[in-house]
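This report concerns only the one structure given below.
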Amino acid sequence: MRKWLTVVLAVLFVFLAFAQAKKITIWTSEAQVPILKKLADQYKAKYGVQVDVIQVNFGDIKSKFLTAAPAGEGPDIIVGAHDWVGELVVNGLLEPINLPEKEKYFPAPLQGFTYNGKLYGVPYAFDGPALMYNKDYVQNPPKTFDELIALAKKIEKDYGGEVRGFIYDYKNFYFSSFAFFGMGGYVFGTDKTGKINVKDVGLANAGAIEGLKLIKKLVDEKILTPGDNYNTMDGLFKDGLAAMILNGPWAVPGYKQAGINFDVAPIPDLPGGKKPKPFFGAQGFMVNAKSKNKLFALDFLTKFIATKDIMYQIWQADPRCPSRTDVNELVMAKDPLTKKFADFLGKYGLPMPNVPEMAAVWGAMGDALAKALDQGVPAEKALADAVAQIKAQIK
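Numbered according to mature numbering (1 follows the signal peptide of the UniProt record, and there is no 0), the sequence shown spans residues -19 to -1, 1 to 376.
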């Protein structure tokens, strides 16, 4: 009898919650507003629940949410980046999500929204760098790093130095992460449950040192030059003056508009057959743990947004790598470039750590890259100094 009473009360609680809540509110940035308003209309027509979509500048969503949510204000759902998760969870502001059909998602974006073993977001897209190449110069993309070096040198020689063989934003840790992690470095260690240990910093271990030395080889071979940065790379590729670059799906529209005959391939294998493992970022929906409409918000995400059809509609409006593998297969016919990014990143990419302590890493590693690659500081010392700087900031 007591069990039946518990069940009845639980059902009644859910019914009353649904009956009382008249709408849910979403904060999102400008790019997602049109598609989410369209989906909100579909949801209301099907379930009778109003969904208000509010535009907030992307750079302001997290900070405004951190202020509003603890006071019982703000939205029921936010749309944002996976690396917000740690800070928001630590502040008690995100609700865990029981996502159906997890097996139909790439593991990597799910990992990005997981904190201490619990999922706190429904990822809809992810993106990061892969090899992009101009097919006027490169017919068969290199499979190994040695092949990349040889091909880059040949192209520069064949075109009298007027065309760069390979260029990327190499002093940006985000873009150079593929070498550090591919060779065995890591940012923060994890325990058996997947919990991040911020006291265990692996950016000066043997693998990280080898990764930095690999990038240094590109500098020593004069394939990369001290003035190289993202804008230089982007401009040269758009002008048809760079054969190979590292960039992400966000750059595809600009290169198409520039009329470049290009394609996408995996970053070449590293020495010893090791696979490159670049950082990527994931985007998704998160539920306000302080919301009075949590049940509605969770229902909206798990029974509607997370479905194959809706995820495909989101991709059509915002064509980045879809988090669902079955949507990625649908994408192949319309956008093979995006599928190539997704296949590579979904298999080998690593989500940027979603803990607040990650803020200490970017500046320290940027300094280390500049010291080792432009100023002649040995890789071992540059990385040891960076790790000391990181640990000092996260005590």
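Built from N, CA and C at the ideal position, the CB exists for glycine as well.
All values derive from a computational prediction rather than experimental measurement.
What are the boundary residues of the beta strand (DSSP E) that K284 is part of? Where K284 is concerned, there is no enclosing beta strand (DSSP E), given that its DSSP letter is neither H nor E.
Determine the DSSP secondary structure at M225, reduced to helix, strand or coil. strand
Reference G109; option with closest CA among P230, I42 and G67: P230
Could you spell out where the beta strand (DSSP E) holding V268 opens and where it closes? F260 to V268
Among G175, A345 and M333, which has the Cα closest to the Cα of D64? M333
Helix, strand or coil at T319 [DSSP, three-state]: helix
Three-way DSSP call (helix, strand, coil) for F169 in this model: strand
Are I371 and V342 touching if we call contact CB-CB under 8 Å? yes
Segments of 4+ residues assigned as alpha helix (DSSP H) that fall wholly inside the stretch 338 to 374: 340 to 355 and 360 to 374
Endpoints, beta strand (DSSP E) assigned at Q31: Q31 to Q36
By the 10 Å Cβ neighbour count, where 16 or more other Cβ atoms means buried, how is Q356 classified, buried or exposed? exposed
Would you call the stretch 111 to 131 and the stretch 358 to 368 in contact, with 3 or more CB pairs under 8 Å? no
Just curious, the alpha helix (DSSP H) that D181 is in, first and last residue? Premise fails: D181 lies in the beta strand (DSSP E), I177 to V182, not in any alpha helix (DSSP H).
Comparing C-alpha positions only, which one of F159, F281 and R305 sits nearest to L112? F159
Under the three-state DSSP convention, the category K4 falls into: strand
So which of I375, I286, F39 and P337 has the shortest CA-CA distance to G67? P337
Expressed to the nearest angstrom, what Euclidean distance is found between the alpha-carbon atoms of I42 and K138? 49 Å
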